Structure formats: structure tokens, C-alpha cells
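Per this note's numbering, the sequence shown starts with residue 57, numbered consecutively.
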Amino acid sequence: MLSSVEGRTVGFMSVDALALHDEAAGDAYRPRHLLMCRPEYFAVSYEINPWMNTTIPVDHRRALKQWDRLVRVYEALGHRVEIIDPVPGLPDMVFAANSGLVVGGQVYPARFRFDERRGEEDPYATWFAANGFTSHGEAAFINEGEGDFATVGGPAGCPPGKKVVLGGFGFRTDVASHDEVRARLGVDVVSLRLVDPRYYHLDTALAVLSDDDIAYNPAAFDEGSRAWLRTRFPHAVLIDDADAAAFGCNAFSDGHHVIVSEGATNFASALRDRGYEPVPTDLSEFRKSGGSVKCCTLELRGANPS
Ligand code: ARG
């Protein structure tokens, strides 16, 4: 169903057609401000999650092509993409989502679980400071940024613009960081426990579709977290095992278009049924490192409510 002629085709539409398609996106769509890092030095040179296998080589040219195309898709959809310079020796720096959590122009910076990634903290902190995103200094607790923090709107009756952060923990992020996020960013944080090592970051188990709508793989959470998710998001899209294993949960939504790993076909049709526009995207090289669309993407939420 999906052809990819020199990277110019996205699902059934060319990247240019997507730009025109914006007109039809409706009220749910909001253009976003994103940070990404080109995978110049991307490789699988250590193993810190069950997807990584140093004996399976990364096709570097293909990884660059897949990533370049993801940038073109975002831009064609009206999003503004900032690019941070990659640093040699930091093969996972491409996973910009892990660099911090940005809400209201303030950043809560990452503090990585594994030494292999700690070198990413400084270059990202430098970028944030140089680009006007303020922080209250280094994080006291281990956290892997938007990898484990997902931002949604407040429950019914909340003031408009109120943000609630869903915080994952269990594998990477220390649950104590959730209080630090609450204190520093002035948001509510709901802690959700991850239980399947394949879905070690929240963004491998749950995707935010709009302020009030999410999709998730229930099997990735403990029973208490599942119960909370069911109550707060009774109409959520449930992602099945096959689509979760194809990294379907690691999707990025602008409220209308959902850029999603191309293997997650049931999820894509569920999205279409609800009026979203899935944009199937091939990021297979990054799956070798345990990542996909969302991992490559950090949302920069500005001082003005966005
Ligand atoms: N190899 C990276 C790691 O294990 C992948 C990170 C994926 N990022 C994400 N936001 N889930 O840390």
C-alpha cells in the first residue's frame, strides 16, 4: 500500500500534497515547534534496551534518508523544526525526545540512566540556553525527558491551557523526578508504571493524539496505571501487541496528522476511523536502537500557551 519513491511519497500522498492537505486539518491541528538531531553519528554500539544488538549493523545511509524525510514531512505539515548539531561519539543523540521536557518555555533537562548517554546532557543544555529555553539548573533525579513525559490537557473543567504531564517510570526515569517536574514546571504529574522491558520509555507505550485523547498499549503498564488510564481516557485508542512491537505507540500527533511507524497498520486504520490522518513513515533503522518517530522528536512548548 505504501510506496516510497525517492522519499517523496508519504502514504498515498506526496510530501507536497501534505502541505496542501493542511487546509483540511480543522481546529484540532496546531503547528508545532520541534527539536531534532541529524543521525550523523547514529549507530548501535552498546546495548541498553532489548532492541539493541551490536551485531546487527545499521545502514547509515538509509538512516539518514529516513530521518531527512521525517523532517520534510514535519515541515510539509506546517511545523517548525530546529536542528541541534550532532556530536561524535554520541550515537543516540538522534533521540532528541530524551533531552528534556519543555513546557511554557522552561526546560526540565534530562539526566540519563546510563553513562553511555550522559554525554548528551551538556550539548542539549547548551542548545536550550542559547535558544531562550530557561531551566533551574541540572535535574537532581534521573529522567529521560519526553521519552518518559507526555503532556496532555487538564481534565474537564480545568482552565484552558492547563497542562498535565503523564510521567513514566520503571526502567529509565526515577519516579522522584516527577515531583521535580511538578515543582519546576508548575504542572500536575501523574505517575504511570511501565512493566515490559521492550517498552522501557513511556513514549514506546503511549502516544498523545490531542490534549484530550491518547493511544496506548495496555500491556505495557501495571494494573494501577491501566485503571487510571481507563478512567481518565475512556475513549483512548488501544494499541495491540503487533502494532506496539512495530513501534506504533512511538507516534507524533499535531492534533490531526499522526506520523506513525509504517508497520502499525491496525493503529493507522483506528486513527482514520476517528478522523485523524495517519502518515505512515518508515524509520526501520532507528528501531534497531529501540526508537522511532517520537523518539527523534522533542516538542518545544513556548511561553505562550501552545
Ligand atoms: N537507544 C536509545 C536508548 O536506549 C533509544 C532511545 C529511544 N528514545 C525514546 N524516546 N524512546 O536510550
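Glycine included, every Cβ here is placed at the ideal spot set by N, Cα and C.
Note that the structure is predicted; figures quoted are calculated from it, not measured.
With DSSP as the reference, identify every bridge partner of Asn306, one or two as the case may be. None, per the DSSP bridge assignment.
Tell me whether Asn187 is buried or exposed, calling it buried when 16 or more other Cβ atoms sit within 10 Å of its Cβ. exposed
Below 8 Å on the Cβ atoms is my guess for Gly156 versus Tyr180; work out the distance and round it to an integer in Å. 6 Å
Just to confirm the assignment: which complete alpha helix (DSSP H) runs, minimum length 4, are found wholly within the region 250-306? 279-288 and 297-301
DSSP-derived helix/strand/coil call for Cys214: coil
Between Ser345 and ligand 1, is the CB less than 6 Å from at least one heavy atom? yes
State the DSSP-derived secondary structure class of Asn154, mapped to helix, strand or coil. helix
Could you tell me the boundaries of the beta strand (DSSP E) in which Ser345 lies? Segment: none, Ser345 is in no beta strand (DSSP E) and carries neither H nor E.
Whole-angstrom distance between Gly213 and His89, CA atom to CA atom: 27 Å
Roughly how many angstroms separate the alpha carbons of Val243 and Ala232, rounded to a whole number? 15 Å
Rounded to whole angstroms, what is the Cα-Cα separation between Leu265 and Thr207? 10 Å
I want to know whether the region 93-100 touches the region 139-157 - three or more CB-CB distances under 8 Å. yes
Take Ile270 as the anchor and find which of Val158, Thr260 and Pro87 has the nearest alpha-carbon. Thr260
From the DSSP secondary-structure annotation, give me the bridge partner or partners of Met92. Ile139
Does the region 326-346 come close enough to the region 291-303 to have 3 or more Cβ pairs within less than 8 Å? yes
Can you tell me whether Pro104 is buried or exposed? The criterion is at least 16 other CB atoms within 10 Å of its CB, across all chains shown. One point to set straight first is that residue 104 is Ile, not Pro, in the sequence displayed. By the neighbour-count rule (16 or more Cβ atoms within 10 Å), Ile104 is buried.
Looking at Cys214 and ligand 1, is the gap between the Cβ and the nearest heavy atom below 6 Å? no
Compute the Euclidean distance between the alpha carbons of Gln122 and Phe342, then round it to the nearest angstrom. 9 Å
What did DSSP end up calling Leu339 once you bin it into helix, strand or coil? coil
Take every Cβ of the region 188-203, pair it with every Cβ of the region 224-231, and state whether three or more of those distances are shorter than 8 Å. yes
Hey, could you find the ends of the beta strand (DSSP E) Tyr164 is sitting in? Gln162 to Pro165
Of the choices Lys219, Val237 and Gly224, whose alpha-carbon is the least far from that of Ala196? Val237
Give a yes or no on whether the C-beta atoms belonging to Leu285 and Ala153 are separated by under 7 Å. no
What does the Cβ neighbour count give for Ser348, buried or exposed, with the cut at 16 atoms within 10 Å? buried
Quick test of the definition: if touching needs 3 or more C-beta pairs under 8 Å, does the region 111-121 touch the region 296-306? no
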